[in-house]
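Engineer:
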Amino acid sequence: MKITGRRVAKNTVFNLLGEGLPSIVAVVSLPFLIHWLGEERFGLFMLIWAIRGYLQFLSLRLGFALMKFAAEAIHRKEESRLSCLTWTTVILLAILGSIGGVTLGMFALFGFTQVFQIPTQLWGEARVALLLIALSVPITITTTGFRALLAAGQRFDLVNIVNGTSGCLRYLVSLLLARMGFHLLPIVLTLLLLDALRLIVYSMLCFRVYPPIRSFTLDFQSAKPLLWFGGWLSVSQVVGMAITYLDRFIIGLLLPISYVGYYAIPVEIINRLQILSSSLNRAIFPAFSALGNTERSLQLYARAMKFMFLIATPIALILALFSKDLLTLYIGEETALKSAPVLQVLAFIFLLISLRSITVNFIIAFGYPNSIAKIRIMELLLYAGLVFWFTFKMGICGTALARLLQIGVGAIFIFFVLQWLAPRNISILASNGIGRALILSCILCLSIVSLHLKMRSTILEMLIILVIMMIYVIIIWQVVLNSSERKAIKSFLGKAYHEGGILR
């Protein structure tokens, strides 16, 4: 399958829909689940689901590793290698998942109700529910291999049909059973069956899309690069999780516990907005992997950076300037007063992460996950010192500033790695109009900030900003985008994803 920017853009939209729709269903469903299950059973449900999520670490990111190497094999039409990679990864994932399932099962029988404060009347239900979750662990971990294989071949349409459907069904079926008066066990059992069905559907789709994998072939020589690549990715993932939750631990240690909530609310808002960059990154990683360190991949990287910058900048600006107003609408004025300064800082973090994540994927796709992991370890050490000192001196706003500094310093090191790996990246970025995008964004920021300082009527200010944004889009179209990009966007909108796209 030919790799083009149009296809990457199309896949990004698929990812947005596949992740966004289940998220919307989840937000709508949760209040009803709380009401129908009761607070205690709902809390237990969330707890065992969180345990299930944490055990995904056992996959050692082998699915991601398979995506990289399979994308290379598909691009080079190496059918025998594709079969070896697929089945070696699937067997490794099944083994790791089984280890996790057995471990969780033992914990369910002998430690679960003792470690957590579960009401005595729910002990039996809790143990059986966690045993069912233990059965699902090898299923869900093995599924990541087949899902990664489809993604490696740019079949994000199929991936998101399955993911989106199963994600929505997970909440809708839970709602239906809870409304009918069933307790936790029938719900968890049904979700286990849904997981098994998802694995079957993914495997059947892979057999259909990639006929060579119908022949079972193992080559444990392939396991070494897979484990090396996935292992370094796992290091980055674990360090990233440590960085993510360290701030809340430090806040709870140094400040009243209520400030953890004041900080967590804007953090969760930013996390939800990261769906934009994560959708693009999931689509673009197999494309980078297949193309390798070539002119085409650099062009794709440059255009991805330009479009993400143009989209993320106004979002970050609006969040920073109207943090108090937005949070007041969301959580009330009293809490907004404490959380708004944090959101202002996190708005800049949102912009940095959106751009930095594309560069990280670019470097990893070229086979350097170890470089990113080492930078992440350095970031953790830096952040551990910064977050303690800044939180102690400035409260939760200092916590956010420490995070901004950590991400900024890490971004500098990531840029140096990129420059070593692809010395021509700056010239290619410039030739793709990134300079014009920077100038336009600076003008936008100055215009809106000046307006914000002078205006007193929020409604009138928002109307003027809306007009400015319309002008911003028109100038992007006329000045920043080239003719091929404009043509691609017209095709994308006109054909409703059939052959459309934004990046070419």
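Residue 1226 is where the sequence shown starts when you use the numbering used here, and the numbers rise one by one after that.
We treat Cβ as the ideally placed atom computed from N, Cα and C, and that holds for glycine.
All of these numbers come straight from a predicted model, not from anything done at the bench.
#1: What are the boundary residues of the alpha helix (DSSP H) that Phe1445 is part of?
#2: Here's a check: name, in chain order, each residue in its chain whose Cβ is nearer than 6 Å to the Cβ of Ala1373, leaving out the five neighbours to either side.
#3: Just to confirm, is the Cβ distance from Ala1636 to Val1570 under 8 Å?
#4: May I ask you to report which of helix, strand or coil DSSP gives Arg1232?
#5: Flag this pair as yes or no: are the beta carbons of Met1466 and Ile1659 separated by less than 8 Å?
#6: Check Thr1415 in the structure and name its three-state DSSP category.
#7: Comparing alpha-carbon positions, which option in Ile1600, Ile1693, Gln1339 lies nearest Leu1665?
#8: Determine the closest residue to Thr1584 out of Lys1679, Leu1410, Gly1243, Ser1503, with distance taken between C-alpha atoms.
#9: What are the boundary residues of the alpha helix (DSSP H) that includes Glu1264?
#10: Smallest Cα separation from Leu1544: which of Arg1601, Ile1495, Thr1313, Leu1706?
#11: Whether or not the stretch 1292 to 1301 and the stretch 1471 to 1489 are in contact is what I'm after, with contact meaning three or more pairs of Cβ atoms, one per stretch, closer than 8 Å; do they touch?
#12: Just to confirm my understanding: we take Ala1537, look at its own chain, exclude 5 residues before and 5 after, and list those with CB closer than 8 Å. What are they?
#13: Span of the alpha helix (DSSP H) holding Val1612?
#14: Can you tell me whether Glu1265 is buried or exposed, with buried defined as 16 or more other CB within 10 angstroms of its CB?
#15: How far does the alpha helix (DSSP H) with Pro1539 in it reach, from first residue to last?
#16: Could you give the residue range of the alpha helix (DSSP H) that holds Ile1495?
#17: Is the Cβ-Cβ distance between Leu1262 and Phe1270 less than 8 Å?
#18: Quick check on Leu1568: does DSSP put it in helix, strand or coil?
#19: Quick check: Ala1508 and Phe1381, are their CB atoms within less than 8 Å of each other?
#20: Closer than 7 Å to a non-hydrogen atom of the ligand FAD - does that hold for the CB of Ser1308?
#21: How big is the Cα-Cα spacing for Ile1468 and Arg1601?
#22: Since I believe Thr1314 is in contact with Phe1445 (beta carbons under 8 Å), could you give me their beta-carbon distance rounded to a whole number of angstroms?
#23: In three-state DSSP terms, what is Arg1711?
#24: Need the endpoints of the alpha helix (DSSP H) that Ile1438 sits in, please.
#25: Does Ile1259 come out as helix, strand or coil in the three-state DSSP assignment?
#26: Label Met1331 either buried or exposed according to how many other C-beta atoms from any shown protein chain fall within 10 Å of its C-beta, with 16 as the threshold for buried.
#27: Just to confirm, is the Cβ distance from Asn1586 to Asn1506 under 8 Å?
#28: Under a three-way DSSP split, which group does Met1694 fall into?
#29: Quick one, are the C-beta atoms of Leu1258 and Ala1354 less than 8 Å apart?
#30: In its own chain, which residues sit with a C-beta less than 8 Å from the C-beta of Pro1437, not counting the 5 before and 5 after it?
Structural biologist: From the atom records:
#1: From DSSP, Phe1445 is part of no alpha helix (DSSP H); its letter is neither H nor E.
#2: So the qualifying residues of the chain are Gly1288, Leu1291, Met1292.
#3: Val1570 is positioned such that its CB atom lies no closer than 8 Å to that of Ala1636.
#4: It is helical.
#5: Their beta carbons are not under 8 Å apart, which means Met1466 does not touch Ile1659 by this criterion.
#6: Helix.
#7: For the residues Ile1600, Ile1693, Gln1339, the minimum Cα distance to Leu1665 belongs to Ile1693.
#8: Its Cα nearest to that of Thr1584, the residue Ser1503 stands out among Lys1679, Leu1410, Gly1243, Ser1503.
#9: In the DSSP assignment, Glu1264 falls within the alpha helix (DSSP H) that extends over 1264 to 1279.
#10: Nearest Cα to Leu1544 within the set Arg1601, Ile1495, Thr1313, Leu1706: Ile1495.
#11: Judged by pairs of C-beta atoms under 8 Å, the stretch 1471 to 1489 does not touch the stretch 1292 to 1301, as fewer than three such pairs exist.
#12: Answer for Ala1537: Leu1501, Ser1502, Phe1575, Leu1576, Ser1579, Leu1580, listed in chain order.
#13: Annotation for Val1612: the continuous alpha helix (DSSP H) segment containing it runs 1594 to 1619.
#14: With fewer than 16 other Cβ atoms inside 10 Å of its own Cβ, Glu1265 counts as exposed.
#15: Start and end: 1520 to 1546.
#16: Residues 1483 to 1498.
#17: Cβ atoms of Leu1262 and Phe1270: closer than 8 Å.
#18: Here Leu1568 sits in helix by DSSP.
#19: With respect to Phe1381, Ala1508 sits close: the two C-beta atoms are nearer than 8 Å.
#20: Absence of the ligand FAD is noted for the structure shown, with no ligands found whatsoever.
#21: Near 9 Å, if we compare the C-alpha coordinates of Arg1601 and Ile1468.
#22: In this structure, Phe1445 and Thr1314 do not form a Cβ contact; the two beta carbons are roughly 11 Å apart against a cut-off of 8 Å.
#23: The three-state reading of DSSP puts Arg1711 in helix, counting H, G and I together.
#24: In the DSSP assignment, Ile1438 falls outside any alpha helix (DSSP H), carrying neither H nor E.
#25: Reduced to three states, the DSSP call for Ile1259 is helix.
#26: Exposed, since its Cβ has fewer than 16 Cβ neighbours within 10 Å.
#27: Yes, the pair counts as a contact, with Cβ atoms nearer than the cut-off.
#28: Reduced to three states, the DSSP call for Met1694 is helix.
#29: No, Cβ-Cβ distance for Leu1258 and Ala1354 is not below 8 Å.
#30: Here the set comprises Glu1304, Ser1305, Leu1307, Ser1308.
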